[in-house]
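Peer 1:
There are 4 protein chains.
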Amino acid sequence: MSTSAAVRRGRGRRPAAEVRAEVLAAAGRILLEDGLTAVTFERVAKEAGASKTTLYKWWPSPGALAAEAYFAQSQPLLVFPDSGDVRADLIAQLTSFVRLLTAGGAAGPVSQLIGAAQLDPDLARAWSETYALPRRELGRERLRVAQEQGQLRQDVDLDIMVDQLWGACYHRLLVLRVPLEESVVEPLVDQALRGAARHSA
Amino acid sequence: MSTSAAVRRGRGRRPAAEVRAEVLAAAGRILLEDGLTAVTFERVAKEAGASKTTLYKWWPSPGALAAEAYFAQSQPLLVFPDSGDVRADLIAQLTSFVRLLTAGGAAGPVSQLIGAAQLDPDLARAWSETYALPRRELGRERLRVAQEQGQLRQDVDLDIMVDQLWGACYHRLLVLRVPLEESVVEPLVDQALRGAARHSA
Amino acid sequence: MSTSAAVRRGRGRRPAAEVRAEVLAAAGRILLEDGLTAVTFERVAKEAGASKTTLYKWWPSPGALAAEAYFAQSQPLLVFPDSGDVRADLIAQLTSFVRLLTAGGAAGPVSQLIGAAQLDPDLARAWSETYALPRRELGRERLRVAQEQGQLRQDVDLDIMVDQLWGACYHRLLVLRVPLEESVVEPLVDQALRGAARHSA
Amino acid sequence: MSTSAAVRRGRGRRPAAEVRAEVLAAAGRILLEDGLTAVTFERVAKEAGASKTTLYKWWPSPGALAAEAYFAQSQPLLVFPDSGDVRADLIAQLTSFVRLLTAGGAAGPVSQLIGAAQLDPDLARAWSETYALPRRELGRERLRVAQEQGQLRQDVDLDIMVDQLWGACYHRLLVLRVPLEESVVEPLVDQALRGAARHSA
DNA sequence: TTCTAAACGAGACGGTACGTCGTGTCTTTGC
DNA sequence: GCAAAGACACGACGTACCGTCTCGTTTAGAA
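Residue numbers (full-length UniProt numbering), protein chains in the order written: chain A, 1 to 201; chain B, 1 to 201; chain C, 1 to 201; chain D, 1 to 201.
Here you go:
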């Protein structure tokens, strides 16, 4: 939204950055208000004052546009705290993660985006590269430090541990579709750390 | 597929069961061949020799039809072995579960159905009630027995444990979209049982 | 415009005849108001409350639709008078023909339709079969009677004579694009009958 | 096609004449190969290595460009023979005219251009001024000489006579869309000269 | 000879129409 | 009466072209 944006209403070329910004703003608004299925090229073009041609030039599918719009406006916290206590840090990070997931209810933007990614390879790629894989890397890195510090055993597979923690939340959200509450985080972390077997030795 | 199905080509009434069977067969075939997005009422009606009116009467959405078709033809093994050794049983069950998920690749029917369920409440309900929740119940029950037998600690939250195990697999399949291999099952189960912390006490 | 047409505003099926009538009315109105290029499937569908699918089912191209709409609403007089005097009849018929052509100016519906027919085979077919060829047949028939009655020579090629008379008008309208006035009709007919050579023998 | 045209492939300024020549060549080629509807600014710009901006500067519409391209490459013979015998000259001129019209089939460039002119004022103007009116003037002049020489009656309207002869050909080409053969020329000329009425006096 | 302004190529942009497909509602027809 | 058949309104898709504009480059003409 540059200052001159509102004035310039011709049909000619506008700076790409300006167009992109307006398109992402419109797409993000539609996503939050009416859900992912409402994010169509047709509607975004109309509400952003853009043309369909432009959208097709920049994004491979409506889903991919929605994903980028979501990233753009709710810049997800990617910082992973390191207080020295891995248990506390995991609980903190997972708690804010659960808050992110449950924002907008069970049919929130995140579940819709992950869902649509199962049917839209372009969205899937955007999602994995921009969101999912970097976050896993972040978590794994925090766990690696803890492992070096002796808080975790040497033979722990850190990827699997990430899967256990974050996957458990996704499981309730996407597969079981049961209410996901922050209170599960603490027992979840503890159980992952302590194990379920009676004799851990 | 009744014997007379191919002969009877009139527009009059046919037995409901016969129609349903043919519809489900067609939907299942389309699902496996061309994916979930190809399972439209339009196409199923044409290939099953049914009418759209009939489909709308029995199923609330194409996704729900696809889900039921999938259940009907690949009756998922719901039996949970109980050999007395909970670790071995978990490994066995999770291994066949991974096989189910990876059938048809990362874009297999299961991931597509779960994905579409995030956008289609009717499909979500069918999926949860028919598939996801019963399976969780089954797993929890097996764990409960193990807990009673003293193989698991008393303070373990069995729901969370199911989330940790199955959710870890779903995490790789749906969220990370990385190859899901059977070899992860054993370390996954062990890590859930033993815990990750150095001093489990 | 059936009596119940205005009431029935659902999305379901409507009687084909009713839809066709409304579509043709809208197309004809657009043709007269804004010209042939404004007769697009998109606009006709919107203004007629019809769907594009329906238009594509009934008409092969917007031009063909416009042609049929033109025929439907301005049912062109196809009666050819026979007063016994072929000269008088030709003048009468050509005069009303010139009036038809010049209705709406040089860019009237007729010239636009004939023009578009040079680029749209579907429109060309509709125009030839429905309008042009029948009219030529009518004129030729009238000339044939005159020939039998001895008003025209036996060796006159009646097709060519039709071309000379009607073609002369079309020539000014389409090719030269000069004003076409009714006053040319009488000298045109006389010249065709008497010939231009000094010694007609 | 200047000698350095092929070498100079930068984006900077090129001589106007060179650009115009390449554009007209490309437009003419497209017109003959794929028809008038294929002569779009978009495609001509690409194939001529020119930019749309340049095309818009020189031509008001794709149709006008196509017309000029047609004139440029098939310089139509405008010489009208004067052998002293007006009948022979008319037959000769009309015969080559029919050949011109039928080149490229019934949907040849000429009929397409005249057709499009009914919908494109810019093309209409270019066509009338450059082609149609000069040709009529030429024919009329030849007839005027014949009239002075006493081969045609004094009261003959020469404009109408031109309309009768050339219009008859256009009639078959544009309106009736029936095959136009050279064999019609001779009876056409004779009929125009002798008249159709039994008693020409 | 150097500099500046015009014209060029490239192509992004807002629009409009195309032709197709799927949805969900409805009428008609045949058993 | 019910099911097959399928017409219908609607809306999204992806593409093509139009006419306008911005950008960087190059040449032509003025200094």
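Every residue, glycine too, gets a C-beta built ideally from N, C-alpha and C.
Helix, strand or coil, according to DSSP, for leucine 119 of chain C in the structure here?
Peer 2: Residue mapping note: residue 119 of chain C aligns to position 119 of the third sequence, counting from 1. In this structure, leucine 119 of chain C counts as coil in the three-state DSSP scheme.
Peer 1: So, helix, strand or coil for alanine 197 of chain C, using DSSP?
Peer 2: Counted from its first residue, the third sequence places residue 197 of chain C at position 197. In this structure, alanine 197 of chain C counts as strand in the three-state DSSP scheme.
Peer 1: Restricting to runs no shorter than 4 residues, where is the alpha helix (DSSP H) found entirely within the UniProt domain "HTH tetR-type" (17-77) of chain C?
Peer 2: With a minimum length of 4 residues, the continuous alpha helix (DSSP H) runs that stay inside the UniProt domain "HTH tetR-type" (17-77) of chain C are 41-48, 52-58, 62-73.
Peer 1: At a Cβ threshold of 8 Å, is threonine 40 of chain D touching chain C?
Peer 2: Numbered from its first residue, the fourth sequence carries residue 40 of chain D at position 40. Chain C, which has no Cβ nearer than 8 Å to the Cβ of threonine 40 of chain D, makes this no.
Peer 1: Using only the alpha-carbon positions, how far apart do leucine 133 of chain B and histidine 171 of chain A sit?
Peer 2: Counting from one through the second sequence, the residue named residue 133 of chain B turns up at place 133. Counting from one through the first sequence, the residue named residue 171 of chain A turns up at place 171. Using only the alpha carbons, I get a separation of about 11 Å.
Peer 1: Leaving out five residues before and five after valine 86 of chain D in sequence, what residues of the same chain have Cβ atoms less than 6 Å from its Cβ?
Peer 2: Sequence index remark: in the fourth sequence, residue 86 of chain D carries index 86 (1-based). The answer, listed in chain order, is Ala146, Gln151.
Peer 1: Would you mind giving the Cβ-Cβ distance between cysteine 169 of chain D and valine 98 of chain D, rounded to the nearest angstrom? I have them listed as a contact below 8 Å.
Peer 2: As a working note, residue 169 of chain D is residue 169 in the fourth sequence. As a working note, residue 98 of chain D is residue 98 in the fourth sequence. Between valine 98 of chain D and cysteine 169 of chain D the Cβ distance is about 6 Å, and since that is below 8 Å, they are a contact.
Peer 1: Determine, for glutamate 98 of chain B, whether the minimum Cβ-Cβ distance to residues of chain A falls below 8 Å.
Peer 2: In the second sequence, counting from the first residue as 1, residue 98 of chain B sits at position 98. Looking at the sequence shown, residue 98 of chain B is not glutamate but valine. Judged by the 8 Å Cβ criterion, valine 98 of chain B is not in contact with chain A.
Peer 1: Smallest Cα separation from isoleucine 30 of chain A: which of A:Tyr56, A:Gln154, A:Thr130, A:Glu68?
Peer 2: Counted from its first residue, the first sequence places residue 30 of chain A at position 30. Comparing Cα positions, the closest option is A:Glu68.
Peer 1: Quickly, what does DSSP pair leucine 152 of chain A with across the bridge? List them, please.
Peer 2: The count along the first sequence starts at 1 and reaches residue 152 of chain A at position 152. B:Ala197.
Peer 1: Does any CB atom of chain A fall closer than 8 Å to the CB of arginine 172 of chain B?
Peer 2: Indexing the second sequence from 1 puts residue 172 of chain B at position 172. Answer yes: the Cβ-Cβ gap between arginine 172 of chain B and chain A drops below 8 Å somewhere.
Peer 1: Just the C-alpha distance for alanine 48 of chain D and leucine 24 of chain D, rounded to the nearest angstrom, thanks.
Peer 2: Position 48 of the fourth sequence, counted from the start, is the residue given in the question as residue 48 of chain D. Position 24 of the fourth sequence, counted from the start, is the residue given in the question as residue 24 of chain D. Their backbone Cα atoms lie some 8 Å apart in a straight line.
Peer 1: Determine the burial state of proline 62 of chain A: buried for a count of at least 16 other Cβ atoms within 10 Å of its Cβ, exposed for fewer.
Peer 2: Within the first sequence, residue 62 of chain A is the residue found at index 62, counting from 1. Buried, because 16 or more other Cβ atoms sit within 10 Å of the Cβ of proline 62 of chain A.
Peer 1: Do alanine 196 of chain D and valine 156 of chain C come within 8 Å of each other at the CB atom, strictly closer than that value?
Peer 2: Here residue 156 of chain C corresponds to residue number 156 of the third sequence, with the count starting at 1. Here residue 196 of chain D corresponds to residue number 196 of the fourth sequence, with the count starting at 1. Result yes, Cβ atoms of valine 156 of chain C and alanine 196 of chain D sit closer than 8 Å.
Peer 1: Arginine 99 of chain D by DSSP, collapsed to three states: which one?
Peer 2: Your numbering for residue 99 of chain D matches position 99 in the fourth sequence. Residue state, collapsed to three classes: helix.
Peer 1: What does leucine 31 of chain C reach in chain D if we use C-beta pairs closer than 8 Å?
Peer 2: Within the third sequence, the letter at position 31 stands for residue 31 of chain C. Going along chain D, no residue has its Cβ under 8 Å from leucine 31 of chain C, so there is no contact; the nearest lies around 12 Å.
Peer 1: Compute the Euclidean distance between the alpha carbons of arginine 135 of chain C and valine 162 of chain D, then round it to the nearest angstrom.
Peer 2: Position 135 of the third sequence holds residue 135 of chain C. Position 162 of the fourth sequence holds residue 162 of chain D. The alpha-carbon atoms of arginine 135 of chain C and valine 162 of chain D are separated by roughly 23 Å.
Peer 1: Applying the 10 Å Cβ sphere with the 16-neighbour rule, what's the burial state of tyrosine 56 of chain D?
Peer 2: Against the fourth sequence, residue 56 of chain D aligns to sequence position 56. Its Cβ having fewer than 16 others within 10 Å, tyrosine 56 of chain D is exposed.
Peer 1: Return the residues of the region 138-171 of chain C that lie within a Cβ-Cβ distance of less than 7 Å from chain D, sorted by chain order.
Peer 2: Within the region 138-171 of chain C, the qualifying residues are Gly150, Gln151, Leu152, Arg153, Val156, Asp157, Ile160, Met161, Asp163, Gln164, Trp166, Gly167, Ala168, Tyr170, His171.
Peer 1: Would DSSP call alanine 165 of chain D helix, strand or coil?
Peer 2: Walking along the fourth sequence from the start, residue 165 of chain D turns up at place 165. Residue identity differs from the one stated: residue 165 of chain D is leucine in this sequence, not alanine. Looking at leucine 165 of chain D - three-state DSSP - the assignment turns out to be helix.
Peer 1: Given a cut-off of 8 Å on the beta-carbon distance, is the pair threonine 53 of chain A and valine 19 of chain A in contact?
Peer 2: Here residue 53 of chain A is taken as the residue at index 53 of the first sequence, counted from 1. Here residue 19 of chain A is taken as the residue at index 19 of the first sequence, counted from 1. No, Cβ-Cβ distance for threonine 53 of chain A and valine 19 of chain A is not below 8 Å.
Peer 1: State the Cα-Cα distance for the pair glutamine 75 of chain D and threonine 37 of chain B, rounded to the nearest angstrom.
Peer 2: Here the question's residue 75 of chain D lines up with position 75 in the fourth sequence. Here the question's residue 37 of chain B lines up with position 37 in the second sequence. If you take the alpha carbons of glutamine 75 of chain D and threonine 37 of chain B, they lie about 57 Å apart.
Peer 1: Which residues in the same chain as threonine 3 of chain A place their Cβ atom closer than 7 Å to its Cβ, once the five residues preceding and following it in sequence are excluded?
Peer 2: Your numbering for residue 3 of chain A matches position 3 in the first sequence. Any reading at threonine 3 of chain A must be qualified, since the residue scores a pLDDT of 34, below 50, and its modelled position is unreliable; the value itself is stated next. So the list is empty, once near-sequence residues are dropped.
Peer 1: Between A:Gln164, A:Leu123, A:Ser96, A:Leu188, which lies nearest to tryptophan 59 of chain A when the distance is taken from Cα to Cα?
Peer 2: On the first sequence, position 59 is the one that residue 59 of chain A refers to. Minimum Cα distance to tryptophan 59 of chain A is reached at A:Leu123.
Peer 1: By DSSP, does proline 179 of chain B sit in helix, in strand, or in coil?
Peer 2: Numbered from 1 along the second sequence, position 179 holds the residue referred to as residue 179 of chain B. Correct three-state label for proline 179 of chain B: coil.
Peer 1: If the cut is a Cβ gap below 9 Å, which residues of chain B does serine 128 of chain A touch?
Peer 2: Along the first sequence, read from residue 1 onward, the residue named residue 128 of chain A stands at position 128. Those are Val175, Leu176, Arg177, Val178, listed as they occur along chain B.
Peer 1: In whole angstroms, what is the alpha-carbon distance linking alanine 107 of chain B and glycine 108 of chain D?
Peer 2: Against the second sequence, residue 107 of chain B aligns to sequence position 107. Against the fourth sequence, residue 108 of chain D aligns to sequence position 108. So the alpha carbons of these two residues sit roughly 53 Å apart.
Peer 1: Using beta carbons (cut-off 8 Å, strictly below), is isoleucine 91 of chain D in contact with chain C?
Peer 2: In the fourth sequence, counting from the first residue as 1, residue 91 of chain D sits at position 91. No, no contact with chain C.
Peer 1: Looking only at its own chain, which residues have a Cβ that is under 6 Å from the Cβ of arginine 142 of chain D, when we skip the five neighbours before and after it?
Peer 2: Start at 1 with the first residue of the fourth sequence, and residue 142 of chain D comes out as number 142. Once the five neighbours on either side are set aside, the close Cβ partners of arginine 142 of chain D are Phe80.
Peer 1: Report the rounded CA-to-CA distance for leucine 101 of chain D versus phenylalanine 41 of chain B, giving the unit in angstroms.
Peer 2: Translated into the one-based positions of the fourth sequence, residue 101 of chain D becomes position 101. Translated into the one-based positions of the second sequence, residue 41 of chain B becomes position 41. Each residue's Cα considered, the two are about 53 Å apart.
Peer 1: From D:Asp159, D:Ser128, D:Glu22, D:Ser96, pick the residue whose C-alpha is nearest to that of glutamate 181 of chain D; which is it?
Peer 2: Counted from its first residue, the fourth sequence places residue 181 of chain D at position 181. Nearest C-alpha to glutamate 181 of chain D: D:Ser96.
Peer 1: Can you pull the chain B residues whose beta carbon is under 8 Å from the beta carbon of glycine 115 of chain A, in chain order?
Peer 2: The residue you call residue 115 of chain A lines up with position 115 of the first sequence. Near glycine 115 of chain A (Cβ distances below 8 Å), the residues of chain B are Ile114, Gly115, Ala116, Ala117, Gln118, Leu119.
Peer 1: Assign alanine 66 of chain D to buried or exposed, taking buried as 16 or more other Cβ atoms, counted over all protein chains shown, within 10 Å of its Cβ.
Peer 2: As a position in the fourth sequence, residue 66 of chain D is number 66, starting the count at 1. When all chains shown are included, alanine 66 of chain D counts as buried.
Peer 1: For valine 178 of chain B, which residues in the same chain have their Cβ closer than 7 Å to its Cβ, ignoring the five residues on either side in sequence?
Peer 2: In the second sequence, counting from the first residue as 1, residue 178 of chain B sits at position 178. Hits under 7 Å: Arg172.
Peer 1: Indicate the three-state DSSP secondary structure (helix, strand or coil) for histidine 171 of chain D in the structure shown.
Peer 2: Residue numbering aside, residue 171 of chain D sits at position 171 when the fourth sequence is read from its first letter. If DSSP states are grouped into helix, strand and coil, histidine 171 of chain D belongs with the helices.
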